[in-house]
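Enquirer: Quick one: this structure, given as structure tokens, is what I'll be asking you about.
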Amino acid sequence: MSDNRRLPDYEHPPVVAIVAAVQFLPLPQFTMAEAVAVAREFDTWRVVDVPAALAPIIEPQPGEPHHETLSLGIGSPPIRLLLEEEDGRWIFQLQQDRLAIHEQRRGERPSFGNVRPRLETAAEKVSPALGRPLLAQDHAPEVVEVTYDNHIAAKDGGWSSFAELNRVLRIVGEAAGEPPYDTVEQLTLGFSEVLTWDGDFAGRLRVQAEPAQAGDEGPILRLRLLSRRFVHGRELGSVLEQCHADIVEGFTAVTTKQMHEIWGRFQ
């Protein structure tokens, strides 16, 4: 992949949130004591919650079934720390083997150009509190995950009901079947595509679409794209950028030219 290639871009993209996450070689422990120490480093942020940790990220080889992990450990379950800035634009997550930063739309749209440096800064900020460098040495990154959450509102044009999602997504046919079963009331779909690096399996791009209601926006199609790639010793920033490119190019590939015009595509 050429790092300087021009990606598709839009004047009014429907993105409402961007998440960048890194799974790393796990810390020896991440208990409430470590969570408190980390929260003190983010003195202007508030603690949202300390829920159970997320399961480890697993991407099976192409053709292999995906098996959910089941923990049968004794004692308290692993925890996850969630912090939020006052205006709710930024959310930070940390657990024993994962770091994530979220940017939510608050007026201005989210941008990967904002998210990537925030992730790197967060790792540097928590390392002293943990007494060890994150995303380096014994806690090197293993998997990178970037997610874009899009709200495609009917009021913005291009479609008016969930029976017309073929106007938004190329994978959807104009008719669901033969009459009288040719009109879809609602549609939820998901699919994945294999990603490679130098010809080898490197991860997946996942696409999910589902109908929803979003307050003043009215009916929307929620379209989520997630790129997940193994690091395999490569420079972390390069893998993050590659995941970003997967999503931008994937978004353009799975949506229609009619919607590109509505969103103001200019390259």
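Under the working numbering, the very last position in the sequence shown is 271; numbers go up by exactly one each time. Quick reminder that beta carbons are idealized off the backbone N, C-alpha and C, glycines included. On a predicted model such as this, the values are computed, not experimentally measured, just so you know.
Would you mind sorting P69 into buried or exposed? The rule is 16 or more other CB atoms within 10 Å of its CB.
Expert: Taking the sequence shown and counting its residues from 1, the one referred to as residue 69 is at position 65. With fewer than 16 Cβ atoms within 10 Å of its Cβ, P69 is classed as exposed.
Enquirer: Let's test the definition: count the other Cβ atoms within 10 Å of the Cβ of F270 and tell me whether it reaches 16, buried, or not, exposed.
Expert: For the purposes of this step, residue 270 is taken as residue 266 along the sequence shown, with counting starting at 1. That one is exposed.
Enquirer: Sorted by chain position, which residues of the same chain lie with C-beta nearer than 7 angstroms to M5's C-beta, five sequence neighbours on each side aside?
Expert: One-based indexing of the sequence shown puts residue 5 at position 1. Low confidence applies here, because M5 scores a pLDDT of 44, under 50, leaving its location unreliable; read the following figure in that light. Counting only Cβ-Cβ distances below 7 angstroms, and skipping sequence neighbours, we find Q246, A249.
Enquirer: Spell out a yes or no on whether the segment 175 to 182 and the segment 222 to 234 are touching, meaning 3 or more CB-CB pairs, one atom from each, closer than 8 angstroms.
Expert: Taking 8 angstroms as the limit for Cβ pairs, the verdict is that the segment 222 to 234 does not touch the segment 175 to 182.
Enquirer: According to DSSP, which residues form a beta bridge with N154?
Expert: Here residue 154 is taken as the residue at index 150 of the sequence shown, counted from 1. Paired residues: V19, L227.
Enquirer: Does the separation of the CB atoms of F28 and A126 fall below 8 angstroms?
Expert: Against the sequence shown, residue 28 aligns to sequence position 24. Against the sequence shown, residue 126 aligns to sequence position 122. The answer is no: Cβ separation not under 8 angstroms.
Enquirer: Ignore the nearest five residues each way along the sequence and tell me which others in A39's own chain have a CB closer than 7 angstroms to its CB.
Expert: Position 35 of the sequence shown, counted from the start, is the residue given in the question as residue 39. Cβ neighbours of A39 beyond the five flanking positions: V54, I83, L85.
Enquirer: Under a Cβ-count criterion, where at least 16 other Cβ atoms within 10 Å of its own Cβ denotes burial, should I62 be classed as buried or exposed?
Expert: In the sequence shown, counting from the first residue as 1, residue 62 sits at position 58. Looking at its Cβ environment, which holds fewer than 16 other Cβ atoms inside 10 Å, I62 is exposed.
Enquirer: According to DSSP, is L134 helix, strand or coil?
Expert: On the sequence shown, residue 134 is found 130 positions in, with the first residue counted as 1. Residue state, collapsed to three classes: helix.
Enquirer: When we look at the beta-carbon of H236 and count the other beta-carbons within 10 Å, is it buried (16 or more) or exposed?
Expert: Looking up residue 236 in the sequence shown gives position 232. H236 is exposed by the Cβ-count criterion.
Enquirer: I need the DSSP call for E149, collapsed to helix, strand or coil.
Expert: As a working mapping, residue 149 is identified with position 145 in the sequence shown. In this structure, E149 counts as strand in the three-state DSSP scheme.
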